[in-house]
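Q: The following block contains the structure, expressed as structure tokens.
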Amino acid sequence: PVRLTMFERYVSFGPYGQWVAALAVTCCVGISGVTVAWPTAAFPKMEDGSAGFDFSEWEKGWLACLPFTGAVISPLPVAYIMDRIGRRNTLHLSILLILGGWAIISFSSNIYMMCLARLMCGLWGGTEYITVSIFVAEMVDPSIRGTLISVTGMTLYIGALYVSFISYMSYQTMSFLCAVPALCLFILFFFIPESPYFYLMHGKRKEAEDAIIWLRGHCDKDEFKRIEDGVIEQSKNHGTFKEIVANKANRNAFIMIEWFKIFSSCTANIVLFAYSTHLIPDSFVSAQDSNILLTILWVLAALVSSSIMDKFPRRTILSASCVGTIALFAITTVWYYLREFTDVNVKTTTWIPLVTIIIGSFFEVIGIVNIPNVLKGEIFPINIKTKACAISCMTANIFETINVLYYYEINYYIGEYFQFLKSVISASLCLYITIFHMFETKGLDLETIQKLLTGKMKVVNKEEDIKSEKKWFLCMIANIELIYDIDYSSFATQRHSKFAVIVHLPISLLIN
81 PVRLTMFERY VSFGPYGQWV AALAVTCCVG ISGVTVAWPT AAFPKMEDGS AGFDFSEWEK
141 GWLACLPFTG AVISPLPVAY IMDRIGRRNT LHLSILLILG GWAIISFSSN IYMMCLARLM
201 CGLWGGTEYI TVSIFVAEMV DPSIRGTLIS VTGMTLYIGA LYVSFISYMS YQTMSFLCAV
261 PALCLFILFF FIPESPYFYL MHGKRKEAED AIIWLRGHCD KDEFKRIEDG VIEQSKNHGT
321 FKEIVANKAN RNAFIMIEWF KIFSSCTANI VLFAYSTHLI PDSFVSAQDS NILLTILWVL
381 AALVSSSIMD KFPRRTILSA SCVGTIALFA ITTVWYYLRE FTDVNVKTTT WIPLVTIIIG
441 SFFEVIGIVN IPNVLKGEIF PINIKTKACA ISCMTANIFE TINVLYYYEI NYYIGEYFQF
501 LKSVISASLC LYITIFHMFE TKGLDLETIQ KLLTGKMKVV NKEEDIKSEK KWFLCMIANI
561 ELIYDIDYSS FATQRHSKFA VIVHLPISLL IN
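Heads up: the sequence shown is residues 81 to 592, going by the working numbering.
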């Protein structure tokens, strides 16, 4: 395999190397956050004339969605490239795409050149989408893997927050500054080592051992042997796309990830990334200021998600995320419906959608958005991992493209309320899959997860996990009863009782 540099041999962080490397790699997602959030800052400048040019709503819809479209194109070739030249080198070279894209955006006002630039940014997005979680999962200890992979969500929103802060500058200055994070990351990647798993895939034991020493400060012989045996076992069969569906364990894992990626692609966050300044009404803060509040909450939510990812079962976190999303965005849906299709005066309650959108987005981020990214890095065997992740990435970005491209059409033909109803429906389906079809991966090394999928090892402590989740759920209900003094026996039917729990549970979660 090609090695771009040898600078990493001159810089060492001892046992903290894996943290430094993983955090640097997750910053790739922050660059995508800048790309996706750009329309929120750029479109108002086009509309008020300060940019010096403007486009039609249909053209702006394409500018907003093309990063997702580009992310549909790049995963398949990247799946092959990253297994040939390495995870780090693939990311390093791909940063040139994003730098070229921002250069065009900064100097051009032609719609076709702008579309080309946004497509180039999307090609980068597809590259990091498939590569980052795999790279991080292969670099770090299982005990901190979930935390570090979930940090990718935080860097995504930090990128959006960065755009919201520079949105007060002129259009061209803002576009220049959007390229700065990518330039800094390009320099930083000269000092990051390659994945030890990649080296072992190519029979380079010495390089793999050196990479582990750089990442963890030492190389435990037993752990190295376990990793090597796992790579050899998983690489016996050359991974093909057919292997994804032909093998029952791979097929089950793939179907589960596909569903979760579809659910995360239908979240309200995807639309809010590009159109929050259009969608959220002015209230006690302006739409632009509410965008800053929203991105700050996204960062905090991702921080909470990363801090609890390895402390609580994934299923528990995802269930809480779904319930909170359903409750908050159901309220948001009702408010927008009343404003658009009834005579109810909602002008004095414009703070309601701001509050429910911010809190609902918090719940989306902690589970529905972040956990699929953790799972796709740990649930596939190494011989098909890149190919399976490539397809899941393409699926996600197809749905994200549709979500963003038809924003104006949905508002015109259906109504703005549907932007949030979509999220309620997808979160409900996600909750069903989580409860009945997902198994726990917290604290398991990648080799053990594969043994569970193939049936070579039975799921241990499953009953205890279920009891723990039931205990958590009953505890939350008890807290709700205590806080709100709810007497569920007063409800006419059991169905109404369950509805009350769903409505009040997210509020109890926030308070507690």
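Ideal Cβ placement from N, Cα and C applies to all residues, glycine included.
Every value quoted in this text rests on a predicted model; they were computed, and no experiment measured them.
Does the region 120-133 come into contact with the region 152-164, if we say contact requires no fewer than three beta-carbon pairs (one atom in each stretch) closer than 8 Å?
A: Flag = no, the region 120-133 and the region 152-164 do not touch.
Q: Output needed for Thr-320: all residues of its chain with C-beta closer than 8 Å, excluding positions within five of it in sequence on either side, in chain order.
A: Translated into positions along the sequence shown, residue 320 becomes position 240. Counting only Cβ-Cβ distances below 8 Å, and skipping sequence neighbours, we find Ile-464, Lys-467.
Q: Thinking just about the alpha-carbon of each residue, which of Gly-297, Tyr-487, Ala-410, Tyr-237 is nearest to the one in Lys-140?
A: Translated into positions along the sequence shown, residue 140 becomes position 60. Ranking Gly-297, Tyr-487, Ala-410, Tyr-237 by Cα distance to Lys-140 puts Tyr-487 first.
Q: Does Tyr-251 have its Cβ less than 9 Å from a Cβ in chain C?
A: Absent from the structure is chain C; it holds one protein chain and no more.
Q: What residues in its chain sit with their C-beta under 6 Å from that of Leu-398, if we drop five residues either side in the sequence?
A: Here the question's residue 398 lines up with position 318 in the sequence shown. Closer than 6 Å at the Cβ level, and outside the excluded window around Leu-398, lie Gly-447, Ile-451, Thr-514.
Q: Can you list, in chain order, the residues of its chain with a C-beta nearer than 6 Å to that of Leu-268? Leave out the 5 residues immediately preceding and following it.
A: Reading the sequence shown from its first residue, position 188 is the one you call residue 268. Closer than 6 Å at Cβ, skipping near neighbours: Ala-104.
Q: With a Cβ-Cβ cutoff of 9 Å, do Val-147 and Thr-170 count as a contact?
A: Along the sequence shown, read from residue 1 onward, the residue named residue 147 stands at position 67. Along the sequence shown, read from residue 1 onward, the residue named residue 170 stands at position 90. First, the amino acid is wrong: residue 147 is Pro here, not Val. No, the Cβ-Cβ distance between Pro-147 and Thr-170 is not below 9 Å.
Q: Comparing C-alpha positions only, which one of Asn-190, Met-234, Ile-184 sits nearest to Asn-453?
A: Position 373 of the sequence shown, counting from 1, holds the residue named residue 453. Measuring from the Cα of Asn-453, the nearest candidate turns out to be Met-234.
Q: Leaving out five residues before and five after Thr-405 in sequence, what residues of the same chain have Cβ atoms less than 7 Å from its Cβ?
A: Taking the sequence shown and counting its residues from 1, one reaches residue 405 at position 325. Answer for Thr-405: Gly-440, Phe-443, Glu-444, Ile-448, Ser-503, Ala-507, listed in chain order.
Q: Per DSSP, what kind of secondary structure is Leu-517 in: helix, strand or coil?
A: Along the sequence shown, one-based indexing puts residue 517 at 437. With the sequence shown as reference, residue 517 is identified as His, and Leu is not the correct amino acid for it. It is helical.
Q: Leaving aside the five residues before and after Ser-370 along the sequence, list all residues of the same chain whose C-beta is less than 6 Å from its C-beta, in chain order.
A: To locate residue 370, count along the sequence shown from 1; it is residue 290. So the list reads Ile-360, Leu-434, once near-sequence residues are dropped.
Q: Determine the DSSP secondary structure at Asp-163, reduced to helix, strand or coil.
A: The residue labelled residue 163 in the question sits at position 83 within the sequence shown. Helix, per DSSP.
Q: Rounded to a whole number of angstroms, what is the C-alpha to C-alpha distance between Ile-438 and Pro-119?
A: On the sequence shown, residue 438 is found 358 positions in, with the first residue counted as 1. On the sequence shown, residue 119 is found 39 positions in, with the first residue counted as 1. Rounded to the nearest angstrom, the two C-alpha atoms are 19 Å apart.
Q: Shortest alpha-carbon distance to Ile-292 belongs to which of Pro-95, Tyr-248, Ala-259?
A: As a position in the sequence shown, residue 292 is number 212, starting the count at 1. That would be Pro-95, whose Cα lies nearest to the Cα of Ile-292.
Q: Would Leu-352 and Cys-145 be called neighbours here (beta carbons separated by less than 9 Å)?
A: Indexing the sequence shown from 1 puts residue 352 at position 272. Indexing the sequence shown from 1 puts residue 145 at position 65. The answer is no: Cβ separation not under 9 Å.
Q: Can you check which of these residues, Cys-264, Glu-208, Ser-213, Ser-186, is closest to Ile-459 by C-alpha distance?
A: Position 379 of the sequence shown, counted from the first residue, corresponds to residue 459. If we check each option's Cα against that of Ile-459, Ser-213 comes out closest.
Q: State yes or no: is the C-beta of Gly-206 within less than 9 Å of the C-beta of Cys-473?
A: One-based indexing of the sequence shown puts residue 206 at position 126. One-based indexing of the sequence shown puts residue 473 at position 393. Going by C-beta atoms, Gly-206 is nearer than 9 Å to Cys-473.
Q: Quick check on DSSP: helix, strand or coil for Asn-371?
A: Working through the sequence shown from its first residue, we reach residue 371 at position 291. Note: Asn-371 maps to helix in three-state DSSP.
Q: Would the region 320-336 and the region 296-312 be scored as touching if the rule is three or more Cβ pairs under 8 Å?
A: Contact between the region 320-336 and the region 296-312 is absent, because fewer than three Cβ pairs lie under 8 Å.
Q: Figure out for me which residue from Lys-427, Ser-356, Phe-409, Cys-299 has the closest Cα to the Cα of Leu-501.
A: Within the sequence shown, residue 501 is the residue found at index 421, counting from 1. Ranking the options by Cα distance to Leu-501, first place goes to Phe-409.
Q: Any chance you could list the alpha helix (DSSP H) runs of at least 4 consecutive residues sitting entirely within the region 204-248, in chain order?
A: Runs of the alpha helix (DSSP H) inside the region 204-248: 222-246.
Q: Quick one: measure Cβ to Cβ for Gly-181 and Arg-198, integer angstroms, because I've assumed they're closer than 8 Å.
A: On the sequence shown, position 101 is the one that residue 181 refers to. On the sequence shown, position 118 is the one that residue 198 refers to. With 8 Å as the limit, Gly-181 and Arg-198 qualify as a contact, their Cβ atoms being about 7 Å apart.
Q: Would you check if the region 217-231 and the region 240-250 touch, i.e. whether three or more CB-CB distances between them fall below 8 Å?
A: With the cut-off at 8 Å, the region 240-250 and the region 217-231 do not touch.
Q: If distances are taken between C-alpha atoms only, which option among Ile-471, Leu-143, Thr-375, Ser-174 comes closest to Ile-185?
A: In the sequence shown, residue 185 corresponds to position 105, counting from 1. Measuring from the Cα of Ile-185, the nearest candidate turns out to be Leu-143.
Q: Which word fits Leu-585, buried or exposed, when buried means at least 16 other C-beta atoms lie within 10 angstroms of its C-beta?
A: The residue you call residue 585 lines up with position 505 of the sequence shown. For Leu-585, the predicted model reports a pLDDT of 41, less than 50, meaning its position is unreliable; a value from the coordinates is still stated below. Leu-585 comes out buried.
Q: Go through the region 430-516 residue by residue and report every complete run of the alpha helix (DSSP H) that reaches 4 residues or more, in order.
A: Whole alpha helix (DSSP H) segments, 4+ residues: 431-443, 451-458, 465-485, 487-493.
Q: What do you reckon, are the CB atoms on Ala-56 and Val-220 nearer than 9 Å?
A: Absent from the structure is residue 56, since the part of the chain shown begins at 81 and ends at 592.
Q: Assuming contact is defined by CB atoms lying nearer than 9 Å, are Tyr-277 and Glu-287 in contact in what I supplied?
A: As a first step, residue 277 is located in the sequence shown; it is residue number 197 there, counting from the start. As a first step, residue 287 is located in the sequence shown; it is residue number 207 there, counting from the start. No, these two residues do not count as a Cβ contact at 9 Å.
Q: Classify Asp-567 as helix, strand or coil using the three-state DSSP reduction.
A: As a first step, residue 567 is located in the sequence shown; it is residue number 487 there, counting from the start. At Asp-567 the pLDDT is 46, less than 50, meaning the model places this residue with poor confidence; the figure from the coordinates comes in the next sentence. Coil, per DSSP.
Q: Indicate the three-state DSSP secondary structure (helix, strand or coil) for Met-254 in the structure shown.
A: Position 174 of the sequence shown, counting from 1, holds the residue named residue 254. It is helical.
Q: I'd like the list of long-range same chain contacts for Glu-496, defined as Cβ closer than 6 Å, with 5 residues on each side in sequence excluded.
A: What you label residue 496 is simply residue 416 of the sequence shown in a count that begins at 1. Closer than 6 Å at Cβ, skipping near neighbours: Tyr-416.
Q: Tell me which same chain residues have a C-beta within less than 7 Å of the C-beta of Cys-108, skipping the five on either side of it?
A: Taking the sequence shown and counting its residues from 1, one reaches residue 108 at position 28. The answer, listed in chain order, is Leu-171, Glu-208, Val-212, Leu-265.
Q: By Cβ distance, which residues of its chain are closer than 6 Å to Thr-106, with the 5 residues on each side in sequence left out?
A: For the purposes of this step, residue 106 is taken as the residue at position 26 of the sequence shown. Excluding positions up to five away in sequence, the list reads Val-231, Thr-232, Thr-235.
Q: With DSSP as the reference, label Thr-422 as helix, strand or coil.
A: Within the sequence shown, residue 422 is the residue found at index 342, counting from 1. Three-state result, Thr-422: coil.
Q: Which residue marks the beginning of the alpha helix (DSSP H) containing Val-109, and which one marks its end?
A: By one-based count along the sequence shown, residue 109 stands at place 29. Note, Val-109: alpha helix (DSSP H), 97-127.
Q: Could you give the residue range of the alpha helix (DSSP H) that holds Asn-427?
A: The count along the sequence shown starts at 1 and reaches residue 427 at position 347. It should be noted that the sequence gives Lys, not Asn, for residue 427. Looking at the DSSP string, Lys-427 is not in any alpha helix (DSSP H), and its letter there is neither H nor E.
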